[in-house]
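Enquirer: Okay, handing you the structure first.
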Amino acid sequence: ATRNFIESQGINQARFGASVRNVQLYLWLAPLISSMGLMTAAVVVMCVGALQRTLRSGGTSTAARLRKKSTSDLGSRNIQNADGPVALTREEESKIGTLVFTIKLLTAALVILCGCLWITASIVGSSLSLASTVQAFTVVFAGFLVVYIYIALSGENRGLLQRGASASPLMRSARGLVESDMAMAILLGMIFIPLPLYLALSVLNQLVRRCRGTAVPSLAKVQPSDLKPKSQEEEAGTVTPAATRQPGWLTIRVEHQMRQLMRWNWTMVHKNLQLLCMLAVSLQVVGGMVTNIVLAWVNAKLDGAGFTTLSAMFFLVGTGMFMIPIVPGIAVYLFGGILIPAGYVRQQGTPNDYSHDSFWIGFGIACLLNFCLKMVAIILQQKGIGEPMSTNLWVLQTVGANTPQMKAVERILRKPGLNFPKVTILCGGPDWPTSVLTGILRLSLPQMLLGSIPVIFNVVFVCAAGSFRLRESENETWSAMSSVALTVASVWTVMQMALAAYFIQETWEAHHTELSKPRKEHVALDWLDHVAAEQQQYKGTVMRWGALPLVIKACISSASVLMLLSTFYMIMMQSRCWDNFEVTDDIASLGLHFVRSEGWAAIGVFSLSCALHVFVQIYMRCITRRECKAIVEALQPTKSDWVENRNNQCQDDDGQEEEVCFEDISQLRSALQHTTQELRDLKQLLEQRGVLEAREELRELKLLLEQRGVLDEPPAAGASPGPKVGLQPPKASVQGSPAIQRSHGSDADTSSHDVT
Numbered sequence: 001a002t003r004n005f006i007e008s009q010g011i012n013q014a015r016f017g018a019s020v021r022n023v024q025l026y027l028w029l030a031p032l033i034s035s036m037g038l039m040t041a042a043v044v045v046m047c048v049g050a051l052q053r054t055l056r057s058g059g060t061s062t063a064a065r066l067r068k069k070s071t072s073d074l075g076s077r078n079i080q081n082a083d084g085p086v087a088l089t090r091e092e093e094s095k096i097g098t099l100v101f102t103i104k105l106l107t108a109a110l111v112i113l114c115g116c117l118w119i120t121a122s123i124v125g126s127s128l129s130l131a132s133t134v135q136a137f138t139v140v141f142a143g144f145l146v147v148y149i150y151i152a153l154s155g156e157n158r159g160l161l162q163r164g165a166s167a168s169p170l171m172r173s174a175r176g177l178v179e180s181d182m183a184m185a186i187l188l189g190m191i192f193i194p195l196p197l198y199l200a201l202s203v204l205n206q207l208v209r210r211c212r213g214t215a216v217p218s219l220a221k222v223q224p225s226d227l228k229p230k231s232q233e234e235e236a237g238t239v240t241p242a243a244t245r246q247p248g249w250l251t252i253r254v255e256h257q258m259r260q261l262m263r264w265n266w267t268m269v270h271k272n273l274q275l276l277c278m279l280a281v282s283l284q285v286v287g288g289m290v291t292n293i294v295l296a297w298v299n300a301k302l303d304g305a306g307f308t309t310l311s312a313m314f315f316l317v318g319t320g321m322f323m324i325p326i327v328p329g330i331a332v333y334l335f336g337g338i339l340i341p342a343g344y345v346r347q348q349g350t351p352n353d354y355s356h357d358s359f360w361i362g363f364g365i366a367c368l369l370n371f372c373l374k375m376v377a378i379i380l381q382q383k384g385i386g387e388p389m390s391t392n393l394w395v396l397q398t399v400g401a402n403t404p405q406m407k408a409v410e411r412i413l414r415k416p417g418l419n420f421p422k423v424t425i426l427c428g429g430p431d432w433p434t435s436v437l438t439g440i441l442r443l444s445l446p447q448m449l450l451g452s453i454p455v456i457f458n459v460v461f462v463c464a465a466g467s468f469r470l471r472e473s474e475n476e477t478w479s480a481m482s483s484v485a486l487t488v489a490s491v492w493t494v495m496q497m498a499l500a501a502y503f504i505q506e507t508w509e510a511h512h513t514e515l516s517k518p519r520k521e522h523v524a525l526d527w528l529d530h531v532a533a534e535q536q537q538y539k540g541t542v543m544r545w546g547a548l549p550l551v552i553k554a555c556i557s558s559a560s561v562l563m564l565l566s567t568f569y570m571i572m573m574q575s576r577c578w579d580n581f582e583v584t585d586d587i588a589s590l591g592l593h594f595v596r597s598e599g600w601a602a603i604g605v606f607s608l609s610c611a612l613h614v615f616v617q618i619y620m621r622c623i624t625r626r627e628c629k630a631i632v633e634a635l636q637p638t639k640s641d642w643v644e645n646r647n648n649q650c651q652d653d654d655g656q657e658e659e660v661c662f663e664d665i666s667q668l669r670s671a672l673q674h675t676t677q678e679l680r681d682l683k684q685l686l687e688q689r690g691v692l693e694a695r696e697e698l699r700e701l702k703l704l705l706e707q708r709g710v711l712d713e714p715p716a717a718g719a720s721p722g723p724k725v726g727l728q729p730p731k732a733s734v735q736g737s738p739a740i741q742r743s744h745g746s747d748a749d750t751s752s753h754d755v756t
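UniProt numbering numbers the first residue of the sequence shown as 1 and each following residue consecutively.
See the structure below:
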């Protein structure tokens, strides 16, 4: 019926020709994708709305439990400041819970942004159009993220963040992250392009206000005395008040923001910004374009080889590519999805004819080979690269093995079995860094292989994206399906990255006390961090922006501006820098014309900025090397005492929390259910025999005796055990106690009772 309806609307072979299936595919997918998007948005809105209502409600136990969870580190609603503990109101608790949730969302958003950049580098050589789409989404997403961060962490929330940072580990980390030089560098990279337009709009706004006479005086012209009450001279008009002074060229808000920018440690901000640009170009150009050119060359060399030889060479080349840190695994999977099915179809005697079952058999072999290749790469990266570096203190210090965040990652990965947080880290993280990190942390290889098994889903989708390209000549539908498969794999990878960041935060927040304690195996690293902190304090004084010569400032600023412009042009304007080249293209057609004139210009500017960066770093090292060495020598005599004190602070290995495996939890749950059932049966039996009711009767009788003072009187000397005491209880008490009425029967109204 649907097909007849589509054809009745004029969507037929005669009108659309070869693209009729493509149009029909879009018509089928459009409502499905739209409904899934609307359902996802509805679920997100419902969850956020429910969380907001729960946090704002004051009487429900669920709200109290969520507030307690969100502010578990605030300690009885108290925050320590310089003047002592400050009590938090219920409203502030609710706001802190909402702020903690916002911080987690911002962290997930930043991880999604980094994941989009990683995915763009992975698919830039295989699908330039899809990579451009992801890049455009990344730019728009980054812009909205900057605005949201400014709104969420400004005003009242900023003060609340500063108050709660002294007790909450998550808020303390968020404050440290927001105020770090790396965060400033990322923010500068995001606002560098729109910043001139923003300043121009502020100047225009201020000019309009000055023409209307409503401009506020500049902050630079307002003195501290202007904030005090007016004196007699000001009242008499002999002193010019601040309100009559000349306004500045920027609005008060923008001028305040610029003053905040001037307080940055610009030397380190420029350095981190330049390192980020180098990393982005390495991933996009070298890790993306160059990798696909090399794979296309391998494809040309293996043309005509037997299927067994082809598979073996692909396995060897893929293993070598996985050993390179900047090479993404998606490019290797995509290459295998193209090479293996084509070779198998050619071996079956039907070259370039992919309509038979041999194509799907080759596709299955490609998925299996890529999965085995990933497992072998994990073994080599963990055992061959990571574990040999686990004894190098510089490597351990670089990865931060003694930091609470890395301990949280280690805690998740050490849990045996196949659990979701472990899978998101192993399958969602970058290939080379994740596997090498597991080796540096000396984790169990079988457990890492077990946790990496779900990567088969990503492998299948990427292989499908490559294999479907072989059938693009048959129908445009296959090209659309290839793009859809690659998009699904990319989105799933980014989602895993975001979930991994969420689980790491949850683990760190739940076990921050344990994770913040020093360990004996990390004492050497803690000493290196202590020395590095002393050296960094000296470098911060010498390398302060105001203390640097004018020539060095010019070199640093020029390097940052040139590197930002060239990086932005090479990444966002790829079609202007080089021609589109894919793995399936002929390597013989590739020449120097692949890089266009604008691309050569961008490469030249980027190389010049890198040279300036190297020159500045050499200069910084020369002026600080001698004093840094002197700091190490000065701290050396105190090393033994410092290490001994640190060892005393370390947690005892015997007192560490024992890891609980899934089997223990299952056995405990089964035993608890059995015990609960036995208790239910026992309670039912006691109720049938009236024992529970008799216990209530005895409690009431004891209370009555205590009220009469009988139990408090000491027994008389020589009295026999079990004396009989005459009581005259009130009639109301006797009548109100069915137990006593039953115990005395019809004598309840008499004047005396014998109670034992």
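C-beta: ideal position from N, C-alpha, C; glycine also.
Keep in mind the model is a prediction, meaning the values are calculated, not measured.
#1: Count the other CB atoms, across all protein chains shown, that sit within 10 Å of the CB of Asp357; report buried if there are 16 or more and exposed otherwise.
#2: Out of Asp431, Tyr354, Ile252 and Trp297, which has the shortest C-alpha to C-alpha gap to Ile324?
#3: Check Trp264 in the structure and name its three-state DSSP category.
#4: Check for me: the alpha helix (DSSP H) holding residue 757 runs from which residue to which?
#5: So Leu413 packs on Thr438, CB below 8 angstroms; how close in whole Å?
#6: Just to confirm my understanding: we take Gly336, look at its own chain, exclude 5 residues before and 5 after, and list those with CB closer than 8 angstroms. What are they?
#7: Rounded to whole angstroms, what's the CA-CA distance from Thr638 to Leu528? Just pull it up for me.
#8: Report the three-state DSSP secondary structure of Val595 (helix, strand or coil).
#9: Would Ser452 pass as a contact of Leu426 if the rule is Cβ separation under 7 angstroms?
#10: Taking all protein chains shown into account, do 16 or more other C-beta atoms lie within 10 angstroms of the C-beta of Glu255, making it buried, or fewer, making it exposed?
#11: For Phe307 and Gln347, which I take to be in contact (beta-carbon distance under 8 angstroms), what is that distance rounded to the nearest angstrom?
#12: Could you tell me the alpha carbon to alpha carbon distance between Met570 and His512, rounded to whole angstroms?
#13: Cutting at 7 angstroms between CB atoms, please list the residues of its own chain near Ile361, excluding the five before and the five after it.
#14: On the three-pair Cβ rule with 8 angstroms, is the region 206–213 touching the region 294–301?
#15: Leaving out five residues on either side along the sequence, give the residues of the same chain with a beta carbon under 7 angstroms from the beta carbon of Gln636.
#16: Using a 10 Å radius around the Cβ and a threshold of 16 neighbouring Cβ atoms, would you call Trp578 buried or exposed?
#17: Hey, out of Gln649, Ser558, Phe594 and Arg625, whose CA is closest to Val605's CA?
#18: Express the C-alpha separation of Thr507 and Ala408 in angstroms, rounding to a whole number.
#19: Which ranges would you report for the alpha helix (DSSP H) in the region 445–522 if only whole runs of at least 4 residues count?
#20: May I ask which residues mark the beginning and end of the alpha helix (DSSP H) holding Glu644?
#21: Using a 10 Å radius around the Cβ and a threshold of 16 neighbouring Cβ atoms, would you call Ser473 buried or exposed?
#22: So, at 7 angstroms on beta carbons, what are the nonlocal neighbours of Ile385 in its own chain, with the 5 sequence-adjacent residues on each side left out?
#23: Would you say Ala300 lies against chain B (beta-carbon separation less than 7 angstroms)?
#24: Output the distance between the C-alpha atoms of Thr251 and Gln649, rounded to the nearest integer angstrom.
#25: Around the C-beta of Leu486, are 16 or more other C-beta atoms found within 10 angstroms, so that it is buried, or is it exposed?
#26: Straight-line CA distance for Thr676 to Pro416?
#27: Would the region 264–275 and the region 536–548 be scored as touching if the rule is three or more Cβ pairs under 8 angstroms?
#28: When we look at the beta-carbon of Leu727 and count the other beta-carbons within 10 Å, is it buried (16 or more) or exposed?
#29: How about Ser482 and Phe461: do their beta carbons lie closer than 7 angstroms?
#30: Measure the C-alpha to C-alpha separation of Glu233 and Trp249 and round it to an integer number of angstroms.
#31: Could you pull out every residue in the same chain whose Cβ sits closer than 8 angstroms to the Cβ of Ile379, ignoring the five residues on either side in sequence?
#32: Using DSSP bridges, identify the partner residues of Trp578.
#33: With Val286 and Ile326 assumed to form a contact (beta carbons below 8 angstroms), what rounded beta-carbon distance in angstroms separates them?
#34: Starting from Gly343, trace the alpha helix (DSSP H) both ways and give me its first and last residue.
#35: Does DSSP classify Met570 as helix, strand or coil?
Expert: Straight from the coordinates:
#1: exposed
#2: Asp431
#3: coil
#4: The displayed coordinates of the chain run from 1 to 756. Any statement about residue 757 would go beyond what the structure contains.
#5: 7 angstroms
#6: Phe314, Gly318, Ala366, Leu369, Asn370, Leu373, Cys463 and Gly466
#7: 13 angstroms
#8: strand
#9: yes
#10: buried
#11: 4 angstroms
#12: 42 angstroms
#13: Tyr344
#14: no
#15: none
#16: buried
#17: Ser558
#18: 6 angstroms
#19: 445–451, 455–468, 476–510 and 512–516
#20: Lys639 to Gln649
#21: exposed
#22: Val436 and Gly439
#23: The structure shown contains no chain B; it is built from a single protein chain.
#24: 52 angstroms
#25: buried
#26: 29 angstroms
#27: yes
#28: Because Leu727 sits at a pLDDT of 42, beneath the cut-off of 50, its placement in the model cannot be relied upon, and the point is left open.
#29: no
#30: Caution applies to Glu233, whose pLDDT of 45 falls short of 50 and renders its modelled position unreliable; the value that the coordinates give is listed next. Roughly 29 angstroms between the two C-alpha positions.
#31: Leu445 and Leu449
#32: Val595
#33: 6 angstroms
#34: Gly329 to Gln347
#35: helix
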